[in-house]
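Undergrad:
In our numbering, the protein residues as written are 7 to 186.
1. Note down the Cα distance separating residue 24 from residue 96, rounded to an integer number of angstroms.
2. Based on Cα-Cα distance, which residue from 114, 182, 65 lies nearest to residue 165?
3. Is the beta carbon of residue 86 closer than 8 Å to that of residue 167?
4. Quick check: the Cα distance between residue 22 and residue 13, rounded to an integer number of angstroms?
5. Taking only the alpha-carbon atoms, compute the straight-line gap between residue 62 and residue 79 and give it to the nearest angstrom.
6. On the DSSP bridge list, what partners appear for residue 92?
7. Who are the near neighbours of residue 73 in its chain, counting only those whose CB is closer than 6 Å to its CB and skipping five residues on each side?
8. Roughly how many angstroms separate the alpha carbons of residue 107 and residue 137, rounded to a whole number?
9. Give the secondary structure of residue 175 by DSSP, where H, G and I count as helix, E and B as strand, and everything else as coil.
10. For residue 90, which residues in the same chain have their Cβ closer than 6 Å to its Cβ, ignoring the five residues on either side in sequence?
11. Less than 8 Å between the beta carbons of residue 147 and residue 68, yes or no?
12. DSSP three-state call for residue 61: helix, strand or coil?
13. I'd like the list of long-range same chain contacts for residue 139, defined as Cβ closer than 6 Å, with 5 residues on each side in sequence excluded.
14. Round the Cβ separation of residue 163 and residue 41 to the nearest angstrom and send it over; I've been treating them as touching at under 8 Å.
15. Kindly indicate which residue of 172, 127, 122 has the alpha-carbon position closest to the one of residue 142.
What follows is the structure in structure tokens.
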């Protein structure tokens, strides 16, 4: 985790952004909650609205994505106006996944959708994390499987601008007390 955080902070410095300060309860959070928090830390440092909560139905969809080693999709019947998703395999922890999505997603990276510098898939993971959502009710789903990708961890996330009020299981508001 420390090397991933150092890599993120180095990349942020190159963008003129402050380092990522993890909440004091970071080690008590589940991998999916850590992914949610890291996603919001990347969004809010750039002035984007945070995702308000983890939605139970989206967690299930992201878990399926992590199990199947693929980007998750919004579940049938889930109310949304827009969504984006990411998947990462062979990563040690959520911060490592976030580093690859945000800072190492272009040409020459492990991003299989980026085969030339003008390819639309280049930086697509970053685009999903930084989606400009209206955020009437922006929610998140996180999935983690410890050995799903060739015996290594698999992580997936889905970000949704929901047009409804989905059931939630973890909120950004409750995490605020642990951020400095």
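All C-beta atoms in this analysis are idealised placements derived from N, C-alpha and C, irrespective of residue type, glycine included. Small disclaimer: the values here were computed from a predicted structure and weren't measured.
TA: In terms of the structure at hand:
1. If you draw a straight line from the Cα of residue 24 to the Cα of residue 96, it comes to about 28 Å.
2. Comparing C-alpha distances from residue 165 to each of 114, 182, 65 shows the shortest one belongs to 65.
3. In this structure, residue 86 lies closer than 8 Å to residue 167 by Cβ.
4. Just so you know, the alpha carbons of residue 22 and residue 13 end up roughly 14 Å apart.
5. Residue 62 and residue 79: Cα-Cα distance of roughly 14 Å.
6. As DSSP reads the structure, residue 92 sits in a beta bridge with 163.
7. Correct list, in chain order: 151, 154.
8. Taking the CA atoms as reference points, residue 107 sits about 13 Å from residue 137.
9. Residue 175: strand per DSSP, three-state reduction.
10. Scanning its chain for C-beta atoms nearer than 6 Å, with the 5 sequence neighbours on each side dropped, one finds around residue 90 the residues 134, 137, 165, in chain order.
11. It is a contact, given that the beta carbons lie within the stated cut-off.
12. In the structure shown, residue 61 sits in a strand (DSSP, three-state: E or B).
13. Hits under 6 Å: 167.
14. The Cβ separation is near 6 Å, so the contact holds.
15. Distance check between residue 142 and each of 172, 127, 122 places 172 closest, using alpha-carbon atoms only.
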